[in-house]
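The listed protein sequences correspond, in order, to chains U and E.
All residue numbers for the first sequence refer to my numbering, where the first residue is 156 and numbers rise by one.
All residue numbers for the second sequence refer to my numbering, where the first residue is 864 and numbers rise by one.
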Amino acid sequence: MTAAGAADPVVAAPAGTDARRAGKTLLWTCVVVLCLWVLGPIYLLLVNALTSPEAVTGWPKRFVPSFDLSSLSFFWNYQGVARALVNSILVAALTMILSLGIGAPAGYALARFRFRGKNVFRLLVLMTRAFPLPLLALPLAVFYIRVGLDDSVLGLALVHTTLALPFAILITFSLFMGIPVELEEAAWTLGCTRLQAFRKIVLPLAIPGIAASGVFAFVTSWNEVFAASVLTIQNQTLTAFLLTSLDVSPLPLKFAGALVLVVPALIFLFVVRKYLFSLWGIANR
Amino acid sequence: MADIDITRVAKRFGSYQALHTLDLHVEDQEFLVLLGASGCGKTTLLRIIAGLETATSGEVHIGARRVDPLPPRERGIAMVFQNYAVFPHMTVFENIAFGLRMQKIGQSEVERRVKRTAGLMHIEQLLARYSGQLSGGQRQRVAVARALAVEPSVLLMDEPLSNLDALLRLEMRAELKGVLQESKTTTIYVTHDQVEAMSLADRIAVMHEGRIVQAAPATEVYGRPATRFGGSFIGTPPMNFLPAGREKGSAVVAGLRMPAPASNAEGLQFGIRPEDLQPGAEGLNGSVRVVEPLGPHQLVTLDVGGHLFRAVLDNELSVSPGQNMTLAPRPDRVRWFDSSSGMAVN
């Protein structure tokens, strides 16, 4: 061992190499731990959702899915699931439209115009996330009942829009900031109105990022459970429905429901990861 | 084809006066260069003419039309930007065609004009490419071609060569001059590079702290600067300045008696270009500090009465540090400035 160690060039190398090696080991350990932390539960979810109900409750546990779709198909045919799914999609789509419709113009204004109170506005946008939803839920429910927005797709979409809006504004803000104003000015001098320049120059360059911001709003709404549970009774979204119904359902059904919830969000976030990274200042090349 | 008339234009950003009230007339087909250090207001003035900035007061006329209330697209201008502003999601062809398409010109005419301007700028082989596949110099050619394609009555250029490396800048400068002479477009060109200004301009407007201090042909701006700033900003090495005293109707500079200018200014300053000095029996006396041979000439730095003083002298002359020297200024090249206002008085 000692003889082999002495012959090993790595041992003879300066201390710097050793430190770098240790750093690398630490880095990879962290990467592996983080991956396991995130992917482990998702994998178990996948395995159990795709295994027959008997095997899920039985022993020993399997770690390879048997691709038995009976749990999923039972879940699919479960009373109210289809309707909750439709509601979820409707609320999420409406949230996406509203937060882009309000957020993108706000982001453009922040990026292009100088106006009084601009910095305060940016701060306020973020401040909306500082109020915990449970604090607001009860007054909001009372108010909704009074104006007749309770238990409606629109009412819930409005709440989800306030949750998604700060991100929609900040994502589109950084997006428009990244498009040089000279491109727009060049278009104006070449015969465009402000609107034409936006449509012909800014929009084509911004559209992938705007789509990403929309998807992010969609996922925000899709995953939101608290406001959905409080504000809806008949028109429950999938998250609210699962929270109330599956609490009392057998284990295989919970797995199936969780999978149906997680997969769309995962796919969406994977598709738009590049834009979210760039928003958070992480280079992705 | 149009002249430009700028009347009593001023611009204020909050409490900062970017442009003091100024007037400027640019002749039809003239090549005018706005020259000044950064922050002097030259780009602001250009953007006011383009309509990208609104003047706080004053009027801008292009040809017979008053354009300052009009948006940029209705002014008959085209602009070339410092960072080129080539649209990244369009091919070079579509970039050059952009302005023509906005004018709803037919496809065959668009093709003809894009080909012609691309030929002018030597970028025919790049027409199918995107901006990301071009070098800085090529992007600049696209930007110029795009501006020329719309056949504007006024072409505005905002430091178009300053992002290019030195060699390319030289090459593009000569090429631009040829192309723009050919196109006969009235051009306003902003730069902080005095050599660029001198080589391109029919007329240079020197700007300083939001004012046009002199608008004149290059030789005059160089030889007869209207302000002390003009003398120090233009020319490498810059003009020499020495304080002057008055004595019985003549001016005395470092012991040298000269006829005083016809001016009642309190204090006077004497100015002379380094190349307008000759060794002589009578003149400014100083001790040589540094001698720098520059090939055709030598640059001699002297101490004249405690002031730094430079002279560009013939190469054959033997000069060495420490020696005393008498330099005679060419009388017709001497400039006198009011030492409090900095304005030339002769």
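Here a beta-carbon is modelled for each residue, glycine too, at the ideal position from N, C-alpha and C.
Owing to the predicted nature of the structure, the values given are computational and were not obtained by experimental measurement.
Per the Cβ contact rule, the segment 1051-1061 of chain E is not in contact with the segment 1180-1187 of chain E (fewer than 3 Cβ pairs under 8 Å).
Under DSSP, residue 1134 of chain E shares a beta bridge with E/1104, E/1198. C-alpha of residue 1153 of chain E to C-alpha of residue 1139 of chain E: approximately 19 Å in a straight line.
At a cut-off of 9 Å between beta carbons, residue 356 of chain U contacts chain E. Excluding sequence positions up to five before and after residue 254 of chain U, its CB lies within less than 7 Å of the CB of 316, 319, 320, 323, 372, all in the same chain and listed in chain order. Contact annotation for residue 397 of chain U against chain E: no contact, minimum CB-CB distance about 43 Å [criterion: below 8 Å].
For residue 341 of chain U, a Cβ of chain E is located within less than 9 Å of the residue's own Cβ.
Using a Cβ-Cβ cut-off of 9 Å, residue 350 of chain U does not count as an interface residue toward chain E, since no Cβ of chain E sits closer than that to its own. Judged by their CB atoms, residue 386 of chain U and residue 306 of chain U are nearer to each other than the 9 Å cut-off. The DSSP assignment places complete alpha helix (DSSP H) segments of no fewer than 4 residues inside the segment 984-1069 of chain E at 999-1012, 1029-1046, 1057-1063, in order along the chain. Within its own chain, the residues whose Cβ lies closer than 6 Å to the Cβ of residue 1176 of chain E, once the five positions on either side in sequence are excluded, are 1161, 1163, listed in chain order.
Note on residue 379 of chain U: 16 or more other CB atoms within 10 angstroms of its CB, so buried under the neighbour-count rule. For residue 1023 of chain E, the closest alpha carbon among the candidates E/924, E/945, E/1107, E/922 is that of E/945. The three-state secondary structure of residue 1182 of chain E, taken from DSSP, is coil. At the C-beta level, residue 1035 of chain E and residue 1003 of chain E come within 9 Å of one another. For the C-beta of residue 346 of chain U, the chain E residues within less than 7 Å are, from N- to C-terminus, 936, 962, 965, 966. In the displayed model, residue 923 of chain E falls within a strand according to three-state DSSP. Taking all protein chains in view, the Cβ of residue 347 of chain U is crowded by 16 or more other Cβ atoms within 10 Å, so the residue is classified as buried. Restricting attention to E/1149, E/1100, E/1169, the CA atom closest to the CA of residue 1186 of chain E is found in E/1149.
The Cβ-Cβ distance between residue 202 of chain U and residue 218 of chain U falls below 9 Å. Interface with chain E (9 Å Cβ-Cβ cutoff): residue 330 of chain U is excluded. Taking 7 Å as the Cβ-Cβ cut-off, the segment 910-929 of chain E approaches chain U at 913, 915, given in chain order.
Residue-level contact check: residue 337 of chain U touches chain E, since one or more beta carbons of chain E fall below 9 Å from its beta carbon. Residue 1089 of chain E carries a coil assignment under DSSP once its states are collapsed to helix, strand and coil. For residue 289 of chain U, the enclosing alpha helix (DSSP H) has its first and last residue at 288-302. Contacts between residue 946 of chain E and chain U, judged by CB atoms closer than 9 Å, involve 335, 337 in chain order.
Residue contact check for residue 940 of chain E against chain U: a CB pair falls below 9 Å. Exclusion of the five residues before and after residue 314 of chain U leaves 382 as the residues of its chain whose Cβ lies within less than 6 Å of its Cβ. Sequence-distant Cβ neighbours of residue 1121 of chain E in its own chain, meaning closer than 6 Å and more than five residues away, are 1114. As a beta-bridge residue in DSSP terms, residue 879 of chain E pairs with E/876.
At least 9 Å separates the CB of residue 1092 of chain E from every CB of chain U.
According to the DSSP secondary-structure assignment, residue 1122 of chain E is paired through a beta bridge with E/1113. Residue 952 of chain E has a beta carbon lying within less than 9 Å of a beta carbon in chain U. Rounded to whole angstroms, residue 193 of chain U and residue 426 of chain U show a C-alpha spacing of 18 Å.
Cβ neighbours of residue 1008 of chain E within its own chain (closer than 6 Å, five residues either side excluded): 959, 980, 981, 984. The beta carbon of residue 1009 of chain E falls within 9 Å of a beta carbon belonging to chain U, placing the residue at that interface.
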